[in-house]
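Inspection log for the structure reproduced underneath, given as C-alpha cells.
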Amino acid sequence: MPKLSRRSCLELMQGLLAVCLLSMTLATPALAGGSDKKVGTPTYSSRNYDYYLTGSADNQAPPAPTTPMSVLMGGGTDVDAAFMAMIAKARGAGNTPIDVVVIRASGADGYNDYLYQMGGVDSVETLVVKTREGANDANVQRIVAGADLLFIAGGDQWDYINLWKGTALDQAVQGLIARKVPVGGTSAGLAVLAQFDFSAQNDTITSAQALSNPYDRRLTLDRGFITSVPGLGNTIADAHLVTRDRMGRLMTFLARIIKDAWVARPDDARGIGVDEQTAVVVDDGVGTVMGNGAAYFLRPSIAATTIQPKTPLTFSSVRVDRLRAQEGTMDLRNWSRSLNVAPYWLDVIGGVLTSSGANGSIY
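One gets the numbering used here by counting positions in the sequence shown from 1 and adding 44 to each.
In C-alpha cells, the structure reads:
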C-alpha cells in the first residue's frame, strides 16, 4: 500500500468526518425535542416563577376549536407529529399564528425554540411556577388563560399537584379545557391529565412493589387536579410504560381505583399506558398513536379478588388493546378500536403478572 502524504491523510480524515456528519444528520429528526435545559435568559424571574418569551408578546387570538384535543406523550424524545397536530388544531381553518404556553415547576425554556420553529406559532411562553404564590399570581393566570395551546412539561407530578391544585393556575387550565383549547403533557405532564393521577407524593413506586402491596405508602393516588379533559374520565394514565416496566403498577392503580370506589362499577375504570417516544393524540374523543412505540388501553371486567395492605394483589381479566402508529384508532368514548385486532388479557395472581398475549408477553 502506498504511503500517504500528510496532506492526503488530512483530506482523508476530512472526508471521513463529512461522511460521519452526514450520517448523523440523516439519523437525527428534523426537530430536536424539548428539554429541561436553559436556552435563554428569563424575560422575568422571581422566587415564585420564571417567565420566558420567544416570539411576539402580542396575542393573535384565533377562534377556539369547536372540538377538543389532548395529547398524552410517554416521555423520552418528543413526538414532533403530535405537537404539529395540536398546532394545526389550535390554528383552525383561518391558520392564525398561535400562542403556545408551556407550564412546569422546574427546568427552563427548553421547549421554546423547539416549538417556535415548527411554524404557525406566534409565540412560545414558558412559565416555571415554583410556589403556590406563583400559581396564584395574576400574571401567571393571565398568561395561561391566553394560551391557544397548553403543554405541561415533564418533571415531578407531585410538584404539580402540591403547588398548583386549587390555585388560580388550576382554574385557568380548567378554563382552557372548557374552551376546547388543545392541551398536552409528557411524562409527569401526562400523569396529571387524566381524571385520576398517580401523585408520587411519597416518591415513585415500581411494578414489583405495587403488586406485592397495593397499599404501599408510595402508592399515592389523587383525583382533584385537572379532572375534566374530554375522553379521560374514569381514567389513570402512566408514561415510560415499557421502558420502565410499569404495566404491573398500572394494573395496581386500576385495582385501587375500583376498591376505593372511585368508579361506580369495575368496568368503568380505564387505564392508558404510553411508552417513550410515543404519543396518543385524542381528537374529539378518538385516540391516534404517533411515534415509535405503542400505547396500551386497559379495561377491567371485575374487581380484584384480593386487595389489602401488605398482601400481594390478585386481579384478573383486564383487557388490553395495544395500539401503534398506523394501526387504526381507539375511541375513548366507548372504548372501541377501529380495526378488528384481537386484544389480550392480563391477570395478577398472588402479585405475579401474567398475560394471554403471544409468548406470554405483557407488552
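Backbone N, C-alpha and C define an ideal beta-carbon position, used for all residues, glycine too. Quick caveat, the model's predicted, so the values are computed rather than measured.
Backbone secondary structure at L65 - three-state DSSP:
For L65, the predicted model reports a pLDDT of 33, less than 50, meaning its position is unreliable; a value from the coordinates is still stated below. Of the three classes helix, strand and coil, the one that applies to L65 here is helix, per DSSP.
Less than 8 Å between the beta carbons of W208 and D214, yes or no?
If you check the CB distance, W208 and D214 come in under 8 Å.
I think D80 touches A134, with their Cβ atoms under 8 Å apart; what is that distance to the nearest whole Å?
So it is not a contact: roughly 24 Å between Cβ atoms.
Rounded to a whole number of angstroms, what is the C-alpha to C-alpha distance between K321 and A348?
First, the amino acid is wrong: residue 321 is Gln here, not Lys. Each residue's alpha carbon lies about 32 Å from the other.
If you count every other CB in all the chains shown that lies within 10 Å of the CB of I346, and 16 or more means buried, which is it?
The residue is exposed, with fewer than 16 neighbouring Cβ atoms inside 10 Å.
Would you mind reading off the limits of the beta strand (DSSP E) that contains W389?
Start and end: Y388 to I393.
Quick check on the DSSP output: what are the complete beta strand (DSSP E) runs of length 3 or more inside the region 248 to 335, in order along the chain?
Those beta strand (DSSP E) runs which fall completely within the region 248 to 335 and span 3+ residues are 279 to 282, 314 to 318, 322 to 327 and 330 to 335.
Taking contact to mean 3 or more Cβ pairs, one atom from each stretch, closer than 8 Å, check whether the region 321 to 331 and the region 357 to 377 are in contact.
Contact between the region 321 to 331 and the region 357 to 377 is present, because at least three Cβ pairs lie under 8 Å.
Assign Y88 to one of three DSSP states: helix, strand, or coil.
Y88 falls in the strand class under three-state DSSP.
Pop quiz: Y95 and E177 are said to be a contact at Cβ under 8 Å. What is the actual Cβ separation, rounded to whole angstroms?
Incorrect: roughly 14 Å between the Cβ atoms, too far for contact.
Taking Cβ positions, are V324 and A339 nearer each other than 8 Å?
Yes, Cβ-Cβ distance for V324 and A339 is below 8 Å.
Which whole-angstrom value is the C-beta distance of V173 and A149, which I expect to be below 8 Å?
Yes, V173 and A149 are in contact; Cβ-Cβ is about 6 Å, under 8 Å.
Residue ranges of each beta strand (DSSP E) within the region 155 to 242, 3 or longer
Runs of the beta strand (DSSP E) inside the region 155 to 242: 165 to 173, 193 to 196 and 227 to 230.
Looking at the unbroken beta strand (DSSP E) that takes in R366, where does it start and where does it end?
Run containing R366: F359 to R368, per the beta strand (DSSP E) assignment.
Tell me the DSSP secondary structure of A71 in three-state form.
With a pLDDT of only 34 at A71, under 50, the local geometry of the prediction cannot be trusted, and the value read off the model is given with reservation. In the structure shown, A71 falls within a helical segment according to DSSP collapsed to helix, strand and coil.
6 Å CB neighbourhood of R261 in its chain, flanking five on each side removed:
Hits under 6 Å: N246.
Since A254 and L265 should fall inside the 8 Å C-beta cutoff, what is the C-beta to C-beta distance between them, to a whole number of angstroms?
That pair is no contact at about 11 Å.
Please state whether the Cβ-Cβ distance between G119 and T230 is less than 8 Å.
Yes. Within cutoff.
Is R148 helix, strand or coil when you go by DSSP?
Three-state DSSP puts R148 in a strand.
For the beta strand (DSSP E) containing D375, list its first residue and its last residue.
That run of the beta strand (DSSP E) goes T373 to D375.
Could you check where the alpha helix (DSSP H) with A132 kicks off and where it finishes?
Run containing A132: D124 to R135, per the alpha helix (DSSP H) assignment.
Inter-residue spacing [alpha-carbon to alpha-carbon] between R377 and T85:
When rounded, the distance between both Cα atoms is 43 Å.
Inter-residue Cα distance where the pair is D117 and P226:
Per the sequence shown, residue 117 should be read as Met rather than Asp. Between M117 and P226, the C-alpha separation is close to 14 Å.
Does the beta-carbon distance from M291 to F359 come in below 8 Å?
Cβ distance not < 8 Å, so M291 and F359 don't count as in contact.
C-beta contact flag for D391 and S361 at 8 Å:
When the beta-carbon positions are compared, D391 and S361 come within less than 8 Å of each other.
Reducing DSSP to helix, strand and coil, say where G78 ends up.
Here G78 sits in coil by DSSP.
Could you compute how far the alpha carbon of N257 sits from the alpha carbon of R267?
Between the alpha carbons of N257 and R267 lies a distance of about 21 Å.
Return the CA-CA distance between I386 and L367, expressed in angstroms with no decimal places.
The identity of residue 386 in the sequence shown is Ala, whereas the question assumes Ile. Here the C-alpha atom of A386 lies approximately 11 Å from the C-alpha atom of L367.
Given that a residue counts as buried once 16 or more other Cβ atoms are within 10 Å of its Cβ, and exposed if not, what is D143?
Burial call: buried.
Sorted by chain position, which residues of the same chain lie with C-beta nearer than 7 Å to W306's C-beta, five sequence neighbours on each side aside?
Cβ within range, chain order: F240 and R267.
By how many angstroms is the C-alpha of M162 removed from the C-alpha of S67?
Confidence at S67 is low in this model, with a pLDDT of 37, below 50, so its placement is unreliable and the value that follows should be read with caution. Linking S67 to M162 through their CA atoms gives a straight-line distance of about 23 Å.
Distance between beta carbons of D157 and T98, contact taken as under 8 Å
So it is a contact: roughly 6 Å between Cβ atoms.
Let me check understanding here. Comparing Cα to Cα, which of G198, Y259 and L285 lies closest to G228?
Taking only the C-alpha atoms, the option nearest G228 is G198.
Along the chain, where does the beta strand (DSSP E) that runs through L97 open and close?
Its beta strand (DSSP E) spans residues Y93 to G99.
Going by C-alpha distance, which of A369, D365 and L234 is nearest W202?
Comparing C-alpha distances from W202 to each of A369, D365 and L234 shows the shortest one belongs to L234.
What are the boundary residues of the beta strand (DSSP E) that Y407 is part of?
Per DSSP, Y407 belongs to no beta strand (DSSP E) and is neither H nor E.
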